[in-house]
Structure formats: C-alpha cells, structure tokens
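J.: Below you'll find the structure I mean.
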Amino acid sequence: MTARSPRFTESTQGRLRRLNLATALPPVVFAAVVLLYTDAQAWWHLAVLAPGAAAAVVAFERWTANDLARVALPCLVVAAAVWPLGVLVTGSPNAYWGVCAVGSLALREVRRHRAWTMAGLFTYVAAVGTARLLVQRDDIGHVLLTYVLIPTVLTVVVTVFTVVGERFYDLIRELEQTREREAELAVVRERVRFASDLHDIQGHTLHVVKLKIALAQRLLLHDSARAEKELRETYALVSDTIAQTKELAYA
Numbered sequence: 083m084t085a086r087s088p089r090f091t092e093s094t095q096g097r098l099r100r101l102n103l104a105t106a107l108p109p110v111v112f113a114a115v116v117l118l119y120t121d122a123q124a125w126w127h128l129a130v131l132a133p134g135a136a137a138a139v140v141a142f143e144r145w146t147a148n149d150l151a152r153v154a155l156p157c158l159v160v161a162a163a164v165w166p167l168g169v170l171v172t173g174s175p176n177a178y179w180g181v182c183a184v185g186s187l188a189l190r191e192v193r194r195h196r197a198w199t200m201a202g203l204f205t206y207v208a209a210v211g212t213a214r215l216l217v218q219r220d221d222i223g224h225v226l227l228t229y230v231l232i233p234t235v236l237t238v239v240v241t242v243f244t245v246v247g248e249r250f251y252d253l254i255r256e257l258e259q260t261r262e263r264e265a266e267l268a269v270v271r272e273r274v275r276f277a278s279d280l281h282d283i284q285g286h287t288l289h290v291v292k293l294k295i296a297l298a299q300r301l302l303l304h305d306s307a308r309a310e311k312e313l314r315e316t317y318a319l320v321s322d323t324i325a326q327t328k329e330l331a332y333a
C-alpha cells in the first residue's frame, strides 16, 4: 500500500478533519460500543472483541487526519484477527465490523489492483464466516445468514459508500487545485498589469526626459534661460513620475 500525497491546503484539511470528527466519529464510537455490549457475553469476550473495535476507531481518526497509511496495516491485521476469533471462540456475528471498517478505509491507500483487493476483503469476510460451521453444524441456514451473508453484504455496502465518499473528496481536491491555479493566475495577471503600467509611466517619462535634456544641452550656450526652463520641467516631470510609480506600487 502506498499513501496518496496530500492535495489539500492545510486550512482545507483542517476544516475537513474537524467536520469528520464532529459528524462521523461519534456514530462510529457509538456503533463500536453497541456491538461490544451486544456480543460480549463475558468479560473475556470483551477482551477478544475490543481490539477490533479500537482498530476501527483508530483507523477512522487517522483517516480524518490524512494519516491512515501509517496505521492502516497494523489496524487491518488486528481487525482481521478479531473476526475469526469472534466466529470460532466468542460466537460473535458482529466481530467482522472492525475488518469491514478498516478494510474499506484502507482501500483508498491501494493504488494498484484495487478491484482484486476489494474482492479479497469480501472473500475473507465470507470465508471466515463460513468457518462457523466447524463449531455449529445444527443450524446451517442460521449460520449462513448471520455469519456469512449479512457480514459480507454489509461489508460490500460500507466499501461502496466509502469509495463514493472518496470520489467526493477527489472532487473537493480538484476544486481546491482549481482555486489555487486561479489564485496563481490572478497573481501572474496582476504582475503583467503592473509591469505594463510601469512601462507606460516610466517609458514615456524617460523618452520625454531624454528629449528635454538634449534640447537643454543645445540651448545652454545661447539661451540659458530657456535651458533652465527645460531642466525645471524635466525635474518636475521626474518628480511626478516618481509619485505615480509609488502610487502604482501601493495600489
């Protein structure tokens, strides 16, 4: 598994993290507590099932922080180990919840062969559920429904919704990139406009100054008063150009 490089700005990532933590994390924690309360018939059942629920909560919290790649594999191993223990040891039909949650989230970190990875996740959930027949052979229909069909179908549904949610984040990512490109383009346009205005102001002034200085040089010997006038006008023109340049820069 390889982590996707983050495409969000820090501010956008922070807003999305706070939104996910506020809206989605409480239901995830609540579901974990309810499942543990429902399936744990003894204290040691709780010790067996709790790591799977904890792995799901940790994976979801790290997913909101765009840091799932660092904990995806350990959480997936823990959750995957809890499911067969729940099936064969505690008889918990909901022990798949951890591997379902972690697996569906970890799929976003898979860049190649994602379809095969999804198929492997669904097959694992169904195969482990089928192993319940090793300890409960008297009611095959109940086992297939409770330990195989329902866990597999719900895993497929959760995975589909996760993939759809990923497309939503891809859309937000594209919008964020578009906004950044528009901001960069606006800066480039402003620089071009500034350069054009600066060229118009100083280019015209320098051309006039050059002509006036040349004229003053010619008038200096036989019409000093006219030459002095041209120099005063040149000085005023340069001062006015400096003021316009400052105004342009401040604007």
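If you use the numbering used here, the sequence shown corresponds to residues 83 to 333, in order. Built from N, CA and C at the ideal position, the CB exists for glycine as well. Since the structure is predicted, the reported quantities are computational estimates derived from the model, not experimental observations.
Assign residue 87 to one of three DSSP states: helix, strand, or coil.
T.: Its pLDDT being 41, under 50, residue 87 is placed unreliably by the model, and the measurement read from it follows with that caveat. Residue state, collapsed to three classes: coil.
J.: Can you give the Cα-Cα distance for residue 242 and residue 114, rounded to whole angstroms?
T.: Roughly 20 Å separates the two Cα atoms.
J.: As an exercise, report each continuous beta strand (DSSP E) stretch of at least 3 residues that is fully enclosed by the region 146-188, in chain order.
T.: Runs found: none.
J.: How long is the line joining the alpha carbons of residue 137 and residue 271, rounded to whole angstroms?
T.: Straight-line Cα distance between these residues: approximately 50 Å.
J.: Taking the beta carbon of residue 214 as the centre, do at least 16 other beta carbons fall within 10 Å, making it buried, or is it exposed?
T.: So residue 214 ends up on the buried side.
J.: According to DSSP, is residue 286 helix, strand or coil?
T.: Note: residue 286 maps to helix in three-state DSSP.
J.: Where do the N-terminal and C-terminal ends of the alpha helix (DSSP H) with residue 322 fall, by residue?
T.: From DSSP, the alpha helix (DSSP H) with residue 322 extends over 306-332.
J.: Taking C-alpha atoms, which residue in 194, 225, 310 and 221 lies nearest to residue 209?
T.: Cα-wise, what sits closest to residue 209 is 225.
J.: Under 8 Å, do residue 188 and residue 163 count as touching if we go by C-beta distance?
T.: Cβ atoms of residue 188 and residue 163: not closer than 8 Å.
J.: Using 10 angstroms around the beta-carbon of residue 250, count the other beta-carbons present and answer buried if the total reaches 16, otherwise exposed.
T.: The residue in question, residue 250, is exposed, as its Cβ has fewer than 16 Cβ neighbours within 10 Å.
J.: Quick test of your reading: residue 107 and residue 118, contact by CB under 8 Å. State the CB separation rounded to the nearest angstrom.
T.: Residue 107 to residue 118, Cβ: 17 Å. No contact.
J.: Residue 294: buried (16+ other C-beta within 10 angstroms of its C-beta) or exposed?
T.: Classification for residue 294: buried.
J.: Give the straight-line distance between the Cα atoms of residue 279 and residue 324, rounded to the nearest whole angstrom.
T.: Taking the straight line from one Cα to the other gives about 13 Å.
J.: Does the Cβ of residue 321 have 16 or more other Cβ atoms within 10 Å, making it buried, or fewer, making it exposed?
T.: Exposed is the call here.
J.: In the DSSP assignment, find the unbroken alpha helix (DSSP H) run with residue 195 in it and report its ends.
T.: Here residue 195 belongs to no alpha helix (DSSP H), and DSSP marks it neither H nor E.
J.: Since residue 116 is in the alpha helix (DSSP H), which residue starts that stretch and which ends it?
T.: Per DSSP, residue 116 belongs to the alpha helix (DSSP H) from 107-121.
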